[in-house]
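**Student:** All letters in the sequence shown, in the order written, are residues 17 to 410 by the working numbering.
Cβ coordinates follow ideal geometry from the N, Cα and C atoms, glycine included.
My questions all concern the structure below.
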Amino acid sequence: RQAAIHVGTVGRQRRLSTGLKNLYNSDKADSQDLVQQLLLESLAGKLQSVSQSVEALDRSLLAQRMQARGFIVGKTAVAPSACASIRTNALAQARAQAVEERRRRPIAVLARALGLTARLEAREAAAESCKPHEQRGITGPHGRLLIPVSPDTPFVASALRAAFQGLGGEAAARQAGLTPAAWLVELAVLVALPGAAEQPPHLDVLPRDALSMATLFLPLQETTAANGATVLYPAPPSEVAARCDWDAMQRGAGGGRTFSADGTDTADDTVGAAEARMRAEFAEDAAASAGLSMPVSSPWTRFSKPALGLGAPLSMALKAGDALWMDYRCFHHGGANRSDELRAVLYATFSEDREEGEGAETMDAEAGHGDHTSFSMAPREQCHCLSKYLGARL
17 RQAAIHVGTV GRQRRLSTGL KNLYNSDKAD SQDLVQQLLL ESLAGKLQSV SQSVEALDRS
77 LLAQRMQARG FIVGKTAVAP SACASIRTNA LAQARAQAVE ERRRRPIAVL ARALGLTARL
137 EAREAAAESC KPHEQRGITG PHGRLLIPVS PDTPFVASAL RAAFQGLGGE AAARQAGLTP
197 AAWLVELAVL VALPGAAEQP PHLDVLPRDA LSMATLFLPL QETTAANGAT VLYPAPPSEV
257 AARCDWDAMQ RGAGGGRTFS ADGTDTADDT VGAAEARMRA EFAEDAAASA GLSMPVSSPW
317 TRFSKPALGL GAPLSMALKA GDALWMDYRC FHHGGANRSD ELRAVLYATF SEDREEGEGA
377 ETMDAEAGHG DHTSFSMAPR EQCHCLSKYL GARL
C-alpha cells in the first residue's frame, strides 16, 4: 500500500512538473511573440516615419527643380505598350481625316465631275507608296501635324493619370500654381514628320500674374535630338515672368496673348519686322540646305535669343512612357526631325486664370480658362478639371 501511495505521489509530481514546464514554455513563446510584435510595430512606425521624410524630401526637391528650371521629368511613368496604343490610334485618326480632306478638295470634286477619280486616286496612291508604311496618309503643314484627342479616347486618361502621379501628382500641380479648378484646355498628339524644321524658341502664352498653366508631355516613342526632341531653356519661371515687358510684346502682336510658335506672318510694319524677316530668311535657307521642310513664319522670329534672355538649350531625350511637366513660362521649341521616323508626343495643358473666376466651383466650362486660344479643344469641350480628370486632390 505504501509503495502504491509512493508511486501515485511520484506520478502526480511528474504530471505537475510537466504541466509547469509546458506552461513556462507556452508563456515563453507568448512572450517571444509579444516581443516580436512590439519590434515589428516599432519597425513599421520607423519605416512610416522614414517614408514620410522621404516624401517630404521629394516634395522639397520637386519644388526646387520646378522653381529653378521650370520643368520636371518622371522616368517610365507609363507602360510603353499604352503609349504605342495611343500612337497607333492617333495616326489612324489622322489618316482617316486626311482621306476626308482629300475627298473634299476642289481638285477631287472636279475629278469626280469629269470621271477622273480613278486616275487621281492612282496618282496619289503612287505618291504614297514611296513612303514608309507608317507614314502613308500622314501629312501636315511645315512638317508638323496636330491631332486633337478626345479626353475619353481609350488609354489616354489612364496614361495621363499615371504620368501625372509619376511626376509627383498634387505636389507638381501646386508648383505650377494650379488648383483643382484648373481646366484641361489642350489635348492632342503632336507629330513631327521626317524633315520637319526646327521651331523658334517660344512661349505658348505670354506670362501674366493671374495666370497659371502647365503642360504634361508624354512621348509615345523614344525622342532624340535626331527625331526632333523638344528643346527646353531651363530658367526660374518667376525670373522669366519678370524678364521682359510682356504687355508691350502683347501690344506689338496686336493684343493676342496666345503667342504660338506657328502661323503668324512676320512681314509687317511693326518694330523689328525687318530683323524678323532677316532671321526668317536665314531659317529658311538653313532648312533648305539641310533638306528640311520650310519653317513656318512666327511672331517669335522678331526676337533674338539674347533679347529673350535665353540660356543654354537642353534637348529632352526621353523614352516612351517617360513624362515631362512644364510650366508655361519655360521657353521651348520643337527640334528638327532629321530622321526617317515620325515623332509623336501626347500633351495635355491645364490652365487657371484667377481673373476669370473659379471654374471648378461654378462648373462653367468657359470660366477659369483665361484667354488661351486652344488649338485642339473648343471652349465647350474644355469641361474636364484637374481634380476629376487626373484625380488631383490639392
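Going by DSSP, what residues sit across from ALA364 in a beta bridge?
**Tutor:** LEU203, LEU232
**Student:** Return the CA-CA distance between VAL89 and ARG396, expressed in angstroms with no decimal places.
**Tutor:** 31 Å
**Student:** Can you look up CYS401 in the DSSP assignment and give me helix, strand or coil?
**Tutor:** strand
**Student:** Return yes when the Cβ of LEU234 is within less than 9 Å of the Cβ of LEU340, no when it is not.
**Tutor:** yes
**Student:** Taking the beta carbon of LEU206 as the centre, do at least 16 other beta carbons fall within 10 Å, making it buried, or is it exposed?
**Tutor:** buried
**Student:** Taking the C-alpha atoms as reference points, what is the distance between TRP316 and LEU59?
**Tutor:** The straight-line gap from Cα to Cα measures roughly 58 Å.
**Student:** Does the stretch 333-348 come within contact of the stretch 232-249, defined as at least 3 CB pairs closer than 8 Å?
**Tutor:** yes
**Student:** Name the DSSP bridge partner or partners of TYR344?
**Tutor:** Paired residues: none, contrary to the question.
**Student:** The alpha helix (DSSP H) that contains LEU248, what's its start and end?
**Tutor:** Counting along the chain, LEU248 falls outside any alpha helix (DSSP H), though it belongs to the beta strand (DSSP E) covering 246-249.
**Student:** At the level of alpha carbons, what is the spacing between PRO170 and ARG224?
**Tutor:** 35 Å
**Student:** Could you name the residues of the same chain whose beta carbon sits closer than 7 Å to that of SER355, not counting the 5 residues immediately before and after it, in chain order?
**Tutor:** The residues are PRO210, ALA242, ASN243.
**Student:** For a quick check, are the C-beta atoms of GLY350 and ALA187 less than 9 Å apart?
**Tutor:** Taking 9 Å as the cut-off, the beta carbon of GLY350 is found no closer than this to the beta carbon of ALA187.
**Student:** Going by DSSP, what residues sit across from PHE87 in a beta bridge?
**Tutor:** MET342
**Student:** What are the boundary residues of the alpha helix (DSSP H) that includes VAL190?
**Tutor:** Here residue 190 is Arg; the residue named in the question, Val, does not match the sequence. Start and end: 186-191.
**Student:** Got a sec: is the Cβ-Cβ distance from GLU116 to anything in chain D below 9 Å?
**Tutor:** Although the question refers to chain D, the structure presented lacks it and comprises just one protein chain.
**Student:** Rounded to a whole number of angstroms, what is the C-alpha to C-alpha distance between LEU194 and LEU222?
**Tutor:** 17 Å
**Student:** Between LEU183 and the rest of its own chain, which residues show a CB-CB distance below 7 Å, the 5 nearest in sequence each way excluded?
**Tutor:** ILE88, GLY90, ALA93, ALA339, TRP341
**Student:** Give every residue of the same chain whose Cβ lies closer than 6 Å to the Cβ of GLN237, excluding the five residues on either side of it in the sequence, and list them in chain order.
**Tutor:** ALA336
**Student:** Okay, do the stretch 164-179 and the stretch 92-109 touch, 3+ Cβ pairs below 8 Å being the bar?
**Tutor:** yes
**Student:** Under the rule that 16 or more other beta-carbon atoms within 10 Å means buried, what is SER314, buried or exposed?
**Tutor:** buried
**Student:** Going by alpha carbons, who is nearest to VAL115 out of GLN80, ILE154, GLY325?
**Tutor:** ILE154
**Student:** State the start and end residues of the unbroken alpha helix (DSSP H) segment that holds ARG177.
**Tutor:** 172-182
**Student:** Name the one or two DSSP bridge partners that THR239 has.
**Tutor:** Note: THR239 sits in a beta bridge opposite LEU334.
**Student:** Is ALA98 helix, strand or coil by DSSP?
**Tutor:** helix
**Student:** Using the Cα positions of ALA98 and TYR363, report the straight-line distance between them to the nearest angstrom.
**Tutor:** 15 Å
**Student:** To the nearest angstrom, how far is it from the Cα of PHE391 to the Cα of GLN80?
**Tutor:** Rounded to the nearest angstrom, the two C-alpha atoms are 31 Å apart.
**Student:** Contact check, ALA245 vs GLY159 under 8 Å by CB: the rounded distance?
**Tutor:** So it is not a contact: roughly 15 Å between Cβ atoms.
**Student:** Closest by CA to ARG85, which one among TRP262, CYS260, LEU330?
**Tutor:** LEU330
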